[in-house]
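Single-structure report; data block below.
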Amino acid sequence: METRHGGRDARIRLKTAHDGDPDANDKVLQAESVCYDYSDGGRRRRRLPGRLHDRNGSAPQIGPVDIVLQSGRITALIGPSGCGKSTVLKLLAGILTPSRGEVWYGHRNIAQQPGFRRARLRRTEFAFIFQDYMLVDSLTVAENIILPQSLNGSAADNHAVSRALSCVDLPIGVMGRKVGELSGGQQQRVAIARAMIMDAHVLFADEPTGNLDPRAREDTLDAIQAAMSAGLKASLLVTHDARVASRADRILYMRDGRICGSYHHMDQEDIERLLLSGSEQKEPLRSIQV
Ligand SMILES: Nc1ncnc2c1ncn2[C@@H]1O[C@H](COP(=O)(O)OP(=O)(O)OP(=O)(O)O)[C@@H](O)[C@H]1O
Numbered sequence: 001m002e003t004r005h006g007g008r009d010a011r012i013r014l015k016t017a018h019d020g021d022p023d024a025n026d027k028v029l030q031a032e033s034v035c036y037d038y039s040d041g042g043r044r045r046r047r048l049p050g051r052l053h054d055r056n057g058s059a060p061q062i063g064p065v066d067i068v069l070q071s072g073r074i075t076a077l078i079g080p081s082g083c084g085k086s087t088v089l090k091l092l093a094g095i096l097t098p099s100r101g102e103v104w105y106g107h108r109n110i111a112q113q114p115g116f117r118r119a120r121l122r123r124t125e126f127a128f129i130f131q132d133y134m135l136v137d138s139l140t141v142a143e144n145i146i147l148p149q150s151l152n153g154s155a156a157d158n159h160a161v162s163r164a165l166s167c168v169d170l171p172i173g174v175m176g177r178k179v180g181e182l183s184g185g186q187q188q189r190v191a192i193a194r195a196m197i198m199d200a201h202v203l204f205a206d207e208p209t210g211n212l213d214p215r216a217r218e219d220t221l222d223a224i225q226a227a228m229s230a231g232l233k234a235s236l237l238v239t240h241d242a243r244v245a246s247r248a249d250r251i252l253y254m255r256d257g258r259i260c261g262s263y264h265h266m267d268q269e270d271i272e273r274l275l276l277s278g279s280e281q282k283e284p285l286r287s288i289q290v
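If you number the sequence shown the way UniProt numbering does, the last residue is 290 and the count never jumps.
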């Protein structure tokens, strides 16, 4: 599959499915009974349906959560605001250390790895698109895009930057501009371009299209799908957008810190219905192993 904005070029930079393979089977990444306890830092919060609170209104614990990111699949994680989606993404990506449980990436339990090893994994094998972009305002667009590679000591490649920019429909001329001067939507595209030029195995995206217009949203989803065809092993998309979730192969519905439903591909309307009906229920739908 080729994207309108240079999907084929994006694929050139991505690893094949078994290049430096951490595992040859279907499970790229697996979280087993993973929990995270925010209670130490939890403050009193307003009680909202589907959000995670104990009786005092503080944020108690997320999980236990079991998730498998399967090879060749895009997984969408949906659910009401505050139910724990971003936390789960951070646990799977080794950004947060679980209070309990294991996160297996190939033969490594990254939950037990020291911070520096997890940081290296995040720079080399994982790519990220965050809600708040995680760009450095004082650096140029090009410097931001090659930042993970620079941190790894890899040589910068201007051609790859140009291709990545074209992938996200940003003009080459923007390369030398400071990121802080760009609009929110443009910054989001830079964050996507940065994820696209990494030789990553797994893409973690938190609201990857939140600030994009519908056409840019579709282009971004095309680019992610092209990257999957090119060998990106798995993608996890956290989203509120039923349209985005409808492009996933698997949909996980989360509520009150737990995965309450696992579905194969669903239409946008069905996802909207699930989000609406789920948020009206007082209890989690059901506990299941994914
Ligand atoms: N640093 C923190 N300290 C204490 N509680 C936190 C912290 N970060 C998040 N929380 C709480 O943990 C719960 C889960 O947050 P999280 O951001 O994972 O939810 P989410 O489903 O991604 O929400 P949204 O869709 O609104 O982004 C929320 O109740 C939130 O208030």
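Here a beta-carbon is modelled for each residue, glycine too, at the ideal position from N, C-alpha and C.
Please read these numbers as outputs of a predicted model, since none were measured by experiment.
Practice task
On a CA-only basis, which of ASP37, SER86 and GLN131 is nearest THR209? Give me that one, please.
Solution key: If you number the sequence shown from 1, residue 209 lands on position 209. Nearest of ASP37, SER86 and GLN131 to THR209, Cα basis: GLN131.
Exercise for the section: Return yes when at least one heavy atom of ligand 3 lies under 6 Å from the C-beta of CYS260, else no. Expected result: This structure lacks ligand 3; the ligands present are ligand 1.
Handout entry: GLY84 Cβ short of 6 Å to ligand 1 heavy atom set
Key = Taking the sequence shown and counting its residues from 1, the one referred to as residue 84 is at position 84. Within the cutoff, so yes.
Exercise for the section: Note the first and the last residue of the continuous alpha helix (DSSP H) segment covering LEU89. Expected result: Numbered from its first residue, the sequence shown carries residue 89 at position 89. 85-92 is the span of the alpha helix (DSSP H), which, as asked, contains LEU89.
Exercise for the section: State yes or no: is the C-beta of LEU96 within less than 7 Å of the C-beta of LEU69? Expected result: Position 96 of the sequence shown holds residue 96. Position 69 of the sequence shown holds residue 69. Taking 7 Å as the Cβ cut-off, LEU96 and LEU69 do not qualify as a contacting pair.
Exercise for the section: Would you list the residues sitting across from PHE126 in a DSSP beta bridge? Expected result: For the purposes of this step, residue 126 is taken as residue 126 along the sequence shown, with counting starting at 1. Answer by DSSP bridge pairing, in chain order: VAL202.
Handout entry: GLN149 burial status per 10 Å Cβ neighbour count (16 or more: buried)
Key = Here residue 149 refers to the residue found at position 149 when the sequence shown is read from its first residue. Buried, since its Cβ has 16 or more Cβ neighbours within 10 Å.
Exercise for the section: Decide if ALA155 is buried, meaning its Cβ has at least 16 other Cβ atoms within 10 Å, or exposed. Expected result: If you number the sequence shown from 1, residue 155 lands on position 155. The residue in question, ALA155, is exposed, as its Cβ has fewer than 16 Cβ neighbours within 10 Å.
Problem - Contact test: THR87 Cβ vs ligand 1 heavy atom, cutoff 6 Å - result: Position 87 of the sequence shown holds residue 87. Yes, since a heavy atom of ligand 1 falls inside the 6 Å radius drawn around the Cβ of THR87.
Problem - For PRO114, the three-state DSSP class (helix, strand or coil) - result: Residue mapping note: residue 114 aligns to position 114 of the sequence shown, counting from 1. DSSP places PRO114 in coil when its eight states are reduced to three.
Exercise for the section: Report all residues from its chain with a CB closer than 7 Å to the CB of GLY101; omit the five preceding and five following residues, and keep chain order. Expected result: The sequence position of residue 101 within the sequence shown is 101, counting from 1. Once the five neighbours on either side are set aside, the close Cβ partners of GLY101 are ALA31, GLU32, SER33, VAL34, CYS35, GLY63, PRO64 and ALA111.
Problem - Contact belief for ILE251 with ASP66 at Cβ below 8 Å, rounded distance in angstroms - result: As a position in the sequence shown, residue 251 is number 251, starting the count at 1. As a position in the sequence shown, residue 66 is number 66, starting the count at 1. The pair is not a contact, with the Cβ atoms about 16 Å apart (cut-off 8 Å).
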